[in-house]
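Report on one structure; see the data block that follows.
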Amino acid sequence: ARLRAGDSFAAAMSLGDVTTAGIGTTTFVCNGKAVAFGHPFNWTGDTTMAIRAADTITIVKDPILGSYKLANIAESLGTLTQDRLGGIAGSLGTAPVGSPITSTVTDLDLQRTRTGRSEAIFPDFLPFLAFIHLLQNVDVTIDRIGGGSSEMEYAIHGTRGDGSPWELLRSTRYASPDDISFDSVVELGFTAETLQ
Numbered sequence: 095a096r097l098r099a100g101d102s103f104a105a106a107m108s109l110g111d112v113t114t115a116g117i118g119t120t121t122f123v124c125n126g127k128a129v130a131f132g133h134p135f136n137w138t139g140d141t142t143m144a145i146r147a148a149d150t151i152t153i154v155k156d157p158i159l160g161s162y163k164l165a166n167i168a169e170s171l172g173t174l175t176q177d178r179l180g181g182i183a184g185s186l187g188t189a190p191v192g193s194p195i196t197s198t199v200t201d202l203d204l205q206r207t208r209t210g211r212s213e214a215i216f217p218d219f220l221p222f223l224a225f226i227h228l229l230q231n232v233d234v235t236i237d238r239i240g241g242g243s244s245e246m247e248y249a250i251h252g253t254r255g256d257g258s259p260w261e262l263l264r265s266t267r268y269a270s271p272d273d274i275s276f277d278s279v280v281e282l283g284f285t286a287e288t289l290q
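Numbering (the working numbering), first residue to last: 95 to 290.
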């Protein structure tokens with residue numbers, strides 16, 4: 095896809111079942127580089143996010159917080175590398191490599207299984223994405239909010255500073271009178287945040 099000044103521009107922190115992105119306008123494109131938004135996204139300075147095309151559906155008028163674009167996230171266009179006060183910028187072409195998050199949830203009452211996948215592109219977003227990805231997969235699979243019991247197994251894989259791999263394996267059980275979805279996944283979110 096070709097990106098031009100004035101086109102919709104998506105900066106994606108995650109992709110997949112849980113896609114989290116900001117939509118703005120491309121300011122200019124020159125020699126394989128693009129600048130967009132005219133303001134920061136997360137204001138993190140050096141960064142890694144995905145540049146994606148976006149198909150704007152409409153501009154939603156919001157008198158309280160200001161108007162915004164409602165858009166669909168489209169094809170990959172490159173890697174966002176800068177998130178500064180004056181805007182965001184990156185290189186067109188190669189997409190960034192993210193951290194995959196996969197989950198398989200089985201509801202024994204409904205006899206239904208669902209496998210989900212999301213990818214954290216923005217590294218700082220990984221712990222929250224792990225939590226929200228698994229929460230939405232459980233919610234979609236059991237299709238209710240309420241009490242229950244669950245059995246959970248998870249693995250977190252990483253790489254040490256010297257390049258050697260490590261792995262954390264955990265299994266446990268939960269019971270909740272209120273919301274088994276949330277109560278089953280909150281530990282994973284805290285564990286991922288602590289490890290990061």
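By construction, the Cβ of each residue, glycine as well, lies at the ideal position given by its N, Cα and C atoms.
This structure is a prediction, so every number in the text was calculated from the model and none was measured.
Cα separation between residue i and residue j?
| i | j | result |
| --- | --- | --- |
| ASP277 | THR173 | 36 angstroms |
| ARG238 | GLY181 | 41 angstroms |
| ILE236 | THR121 | 44 angstroms |
| ASN136 | VAL112 | 18 angstroms |
| PRO271 | GLY241 | 4 angstroms |
| ILE274 | LEU262 | 23 angstroms |
| SER244 | PHE222 | 21 angstroms |
| LEU291 | LEU97 | Past the boundaries of the shown model lies residue 291; the chain is included only from 95 to 290, so the question cannot be answered. |
| GLY204 | TYR162 | For clarity, residue 204 is Leu in the given sequence; the question names Gly instead. Rounded to whole angstroms, LEU204 to TYR162 spans 39 angstroms at the Cα level. |
| VAL191 | PRO134 | 22 angstroms |
| ILE158 | ARG206 | 42 angstroms |
| LYS127 | GLY184 | 6 angstroms |
| ALA148 | ASN125 | 21 angstroms |
| PHE216 | LEU109 | 10 angstroms |
| ASP256 | GLY160 | 47 angstroms |
| ILE250 | ALA286 | 8 angstroms |
| ILE153 | GLY116 | 14 angstroms |
Answer yes or no: do residue i and residue j have a C-beta to C-beta separation smaller than 8 angstroms?
| i | j | result |
| --- | --- | --- |
| THR175 | THR142 | yes |
| ILE151 | ALA106 | no |
| ALA165 | SER102 | yes |
| ARG146 | ALA104 | yes |
| VAL232 | VAL280 | no |
| ARG208 | VAL234 | yes |
| THR119 | ALA130 | yes |
Pull up the CB-CB distance for residue i and residue j, whole angstroms please, since I reckon it's below 8 angstroms.
| i | j | result |
| --- | --- | --- |
| SER139 | ASP177 | Per the sequence shown, residue 139 should be read as Gly rather than Ser. Confirmed, Cβ separation roughly 6 angstroms. |
| VAL248 | ARG267 | The question names Val, but residue 248 in the sequence shown is Tyr. The pair is not a contact, with the Cβ atoms about 13 angstroms apart (cut-off 8 angstroms). |
| LEU282 | ALA214 | About 14 angstroms separates the two Cβ atoms, so there is no contact after all. |
| HIS227 | GLY210 | 6 angstroms |
| SER193 | LEU220 | 6 angstroms |
Tell me whether residue i sits in a helix, a strand or coil according to DSSP, three-state version.
| i | result |
| --- | --- |
| VAL199 | strand |
| SER289 | Residue identity differs from the one stated: residue 289 is Leu in this sequence, not Ser. Helix, per DSSP. |
| HIS68 | Since the first residue shown for the chain is 95 and the last is 290, residue 68 is missing from the structure and cannot be characterised. |
| VAL154 | strand |
| PRO217 | helix |
| SER108 | strand |
| GLY139 | strand |
| LEU282 | helix |
| ILE182 | strand |
| THR235 | helix |
| ASP277 | helix |
| PHE131 | coil |
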